[in-house]
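K.L.:
Going down the list, the sequences are from chains E and H.
Everything in the first sequence is counted per my numbering, starting at 38 for the first residue and increasing by one.
Everything in the second sequence is counted per my numbering, starting at 7 for the first residue and increasing by one.
Using N, Cα and C, we set each Cβ at its ideal position, and we do this for glycine too.
These numbers come from a predicted model, not from an experiment.
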Amino acid sequence: MNTEALKEMLYKMADDQLIIGHRNSEWTGFGPLLEEDIAFSSMAQDKVGQSYALYQMLNELGEGEPDTVAFMRNADQFHNCTLTELPNGEYDFSLIRHFLFDAAEAIRFDMLTRSSYKPLADLSIKIRGEIRYHTMHARTWIRQLGNATPESVERLQNSLNEALPHALGIFEPSPFEDEIISSGLFEGERALQAAWEIEIMKVLSETVLQVPDLTALSPSYGGRIGKHTPHLQPLLDEMAEVFRSDPTADW
Amino acid sequence: MGKISDDQIYDWLQDVKDPEIPVISLVDLGVITRLDWQEEHLTVHMTPTFVGCPAIDYMKQDVIDVLHQHGLQEVDVKITYETSWNSNMISDQGREALRKFGLAPPPKHNLIVDIDVLEHATCPVCGSENTQLKNPFGPTACRSIHYCENCKETFEQFKPV
Numbered sequence: 038m039n040t041e042a043l044k045e046m047l048y049k050m051a052d053d054q055l056i057i058g059h060r061n062s063e064w065t066g067f068g069p070l071l072e073e074d075i076a077f078s079s080m081a082q083d084k085v086g087q088s089y090a091l092y093q094m095l096n097e098l099g100e101g102e103p104d105t106v107a108f109m110r111n112a113d114q115f116h117n118c119t120l121t122e123l124p125n126g127e128y129d130f131s132l133i134r135h136f137l138f139d140a141a142e143a144i145r146f147d148m149l150t151r152s153s154y155k156p157l158a159d160l161s162i163k164i165r166g167e168i169r170y171h172t173m174h175a176r177t178w179i180r181q182l183g184n185a186t187p188e189s190v191e192r193l194q195n196s197l198n199e200a201l202p203h204a205l206g207i208f209e210p211s212p213f214e215d216e217i218i219s220s221g222l223f224e225g226e227r228a229l230q231a232a233w234e235i236e237i238m239k240v241l242s243e244t245v246l247q248v249p250d251l252t253a254l255s256p257s258y259g260g261r262i263g264k265h266t267p268h269l270q271p272l273l274d275e276m277a278e279v280f281r282s283d284p285t286a287d288w
Numbered sequence: 007m008g009k010i011s012d013d014q015i016y017d018w019l020q021d022v023k024d025p026e027i028p029v030i031s032l033v034d035l036g037v038i039t040r041l042d043w044q045e046e047h048l049t050v051h052m053t054p055t056f057v058g059c060p061a062i063d064y065m066k067q068d069v070i071d072v073l074h075q076h077g078l079q080e081v082d083v084k085i086t087y088e089t090s091w092n093s094n095m096i097s098d099q100g101r102e103a104l105r106k107f108g109l110a111p112p113p114k115h116n117l118i119v120d121i122d123v124l125e126h127a128t129c130p131v132c133g134s135e136n137t138q139l140k141n142p143f144g145p146t147a148c149r150s151i152h153y154c155e156n157c158k159e160t161f162e163q164f165k166p167v
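1) Assign leucine 251 of chain E to one of three DSSP states: helix, strand, or coil.
2) Let's test the definition: count the other Cβ atoms within 10 Å of the Cβ of arginine 101 of chain H and tell me whether it reaches 16, buried, or not, exposed.
3) Which residues does DSSP list as the beta-bridge partners of methionine 52 of chain H?
4) Mark histidine 116 of chain E as exposed unless 16 or more other C-beta atoms lie within 10 angstroms of its C-beta, in which case mark it buried.
5) In angstroms, rounded to a whole number, what distance separates the CA positions of aspartate 129 of chain E and arginine 192 of chain E?
6) Since tyrosine 123 of chain E contacts tryptophan 178 of chain E with CB under 8 Å, what's their CB separation in whole angstroms?
7) Please list the terminal residues of the continuous beta strand (DSSP E) segment that includes proline 28 of chain H.
8) Quick test of your reading: phenylalanine 213 of chain E and serine 152 of chain E, contact by CB under 8 Å. State the CB separation rounded to the nearest angstrom.
9) Could you please give me the residues that DSSP links to phenylalanine 161 of chain H through a beta bridge?
10) List the residues of chain E that proline 142 of chain H touches, going by C-beta distances under 8 Å, in chain order.
11) Let me know if phenylalanine 56 of chain H comes out buried or exposed under the rule of 16 or more other beta-carbons within 10 Å of its beta-carbon.
12) My guess is that aspartate 53 of chain E and tryptophan 64 of chain E are in contact by the Cβ rule of under 8 Å, so how many angstroms apart are they, rounded?
13) Nearest chain H C-beta to proline 156 of chain E closer than 9 Å, yes or no?
14) Might you give, ordered along the chain, the residues of its own chain that have their beta carbon closer than 7 Å to the beta carbon of leucine 41 of chain H, omitting 5 neighbours on each side?
15) For glutamate 243 of chain E and leucine 182 of chain E, I'd like the C-alpha separation in whole angstroms.
16) Using beta carbons (cut-off 9 Å, strictly below), is serine 90 of chain H in contact with chain E?
17) Consult DSSP for aspartate 147 of chain E and reduce its assignment to one of helix, strand or coil.
18) Do you know offhand how far alanine 232 of chain E's Cα is from aspartate 139 of chain E's?
19) Only counting the same chain, and skipping five residues up and downstream in sequence, which positions put a Cβ closer than 8 Å to that of leucine 109 of chain H?
20) Could you confirm whether any beta carbon from chain H is found closer than 9 Å to the beta carbon of glutamate 63 of chain E?
21) Is proline 111 of chain H near leucine 124 of chain H, with beta carbons less than 9 Å apart?
22) Identify the continuous beta strand (DSSP E) that holds asparagine 141 of chain H and give its terminal residues.
23) If you draw a straight line from the C-alpha of isoleucine 168 of chain E to the C-alpha of lysine 9 of chain H, how long is it?
24) Quick check: what's the CA-CA separation for aspartate 147 of chain E versus leucine 78 of chain H?
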């Protein structure tokens with residue numbers, strides 16, 4: 038097994054979970070209704086917890102302590118896709134992002150239950166079960182609001198158009214793609230994207246939302262190699278504020 | 007000290023309760039997955055109900071404290087996903103304790119939880135199945151919120167996962 042390939046894969050997954058988890062947590066106290074406030078807060082807790090478990094796995098492979106890794110890197114050392122770091126915007130954007138991102142990660146962790154790296158396969162069984170609630174939540178709201186009022190449809194449509202190029206950035210190929218696939222670590226980003234397209238189309242086809250031709254869009258790549266939008270660094274500064282001022286603080 | 011049986015350890019661990027649901031022991035919750043003896047040294051394998059469970063460190067310390075109280079000095083707790091927790095692992099005794107606490111126990115399932123499974127919660131107050139799922143997310147990661155059309159009570163369910 039190529040440990041560098043494995044680490045690269047774990048870093049991007051852990052960073053995705055941490056950053057989307059942080060964005061979800063920004064809805065705490067601001068949800069459009071109490072239930073959504075709780076939903077996004079709960080999903081934040083799940084995702085940050087999952088990132089911790091992945092950083093822990095990296096730690097066992099020789100990387101730094103989870104807190105140090107999470108709080109002491111700058112934006113250019115993060116491997117999350119740009120979709121996760123975009124500001125929450127209004128609720129429609131957060132909902133579309135949640136739908137597009139979680140559909141992909143549900144399939145990713147399902148595929149990873151068959152990974153040749155046993156600790157990851159074990160953890161993925163657990164994570165898959167948790168994410169099922171997240172995708173269920175996203176689908177329920179997309180189906181409702183994607184068929185509701187002209188305003189809800191227009192808002193979701195605009196957000197969908199804006200988010201899609203970033204969503205395609207989820208599948209930015211790894212420099213180790215061939216090895217990852219041939220060693221059975223993971224089925225690969227291309228297989229994931231194909232399954233994701235089927236999944237999102239299935240849900241969107243039950244709404245009046247229009248899906249643009251995905252092949253005509255240019256994916257927002259770069260996140261996986263540390264090239265981020267200007268939105269990531271301020272998020273990291275805020276997230277790490279306590280740790281950087283006092284690394285021994287409990288909060 | 008002579009060799010202590012695993013049954014004895016599980017019995018002692020009945021005293022360690024879930025800090026967020028103090029009526030159910032970790033044993034009945036199904037999160038103690040293995041006891042591993044190396045001579046006199048015991049490693050308790052434990053797996054979280056949810057990956058992001060914030061109570062795991064407390065539970066870990068509680069396990070160590072209780073076993074220390076019984077005179078077992080060489081104990082550590084290993085958090086592992088080797089045996090992945092699912093809600094079918096809650097014992098019958100544990101289910102009954104949850105119900106009495108006012109929390110609907112998770113329905114047994116075939117490990118593929120979809121919305122149908124989650125929607126079918128039995129009201130822990132009146133036993134009616136005429137209930138509605140209000141929110142798949144509740145006050146803690148492991149609970150969902152439901153409403154009983156029969157007795158008009160809002161209740162929580164320990165989520166099936």
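P.N.:
Straight from the coordinates:
1) helix
2) Classified as buried, arginine 101 of chain H has 16 or more neighbouring CB atoms from the shown chains inside 10 Å of its CB.
3) Beta-bridge pairing links methionine 52 of chain H to H:Ile38 and H:Ile85.
4) Of the other Cβ atoms in all chains shown, 16 or more fall within 10 Å of the Cβ of histidine 116 of chain E; this residue is therefore buried.
5) A straight-line Cα-Cα distance of about 6 Å links aspartate 129 of chain E and arginine 192 of chain E.
6) The sequence as given places leucine at residue 123 of chain E; tyrosine does not occur at that position. Contact doesn't hold; Cβ gap of about 18 Å is too wide.
7) 27-31 is the extent of the beta strand (DSSP E) around proline 28 of chain H.
8) Going by Cβ atoms, the distance from phenylalanine 213 of chain E to serine 152 of chain E rounds to 14 Å, so no, they are not a contact pair.
9) H:His152
10) Ala76, Tyr170, Met173 and His174
11) buried
12) Actually they do not touch by this definition, with Cβ atoms about 18 Å apart.
13) yes
14) Excluding sequence positions up to five before and after leucine 41 of chain H, its CB lies within less than 7 Å of the CB of Asp12, Ile15, Leu48 and Val50, all in the same chain and listed in chain order.
15) 11 Å
16) yes
17) It is helical.
18) If you take the alpha carbons of alanine 232 of chain E and aspartate 139 of chain E, they lie about 13 Å apart.
19) Ile27, Pro130, Arg149, Phe161, Glu162, Gln163 and Phe164
20) no
21) No, these two residues do not count as a Cβ contact at 9 Å.
22) 137-141
23) Between the alpha carbons of isoleucine 168 of chain E and lysine 9 of chain H lies a gap of roughly 42 Å.
24) 41 Å
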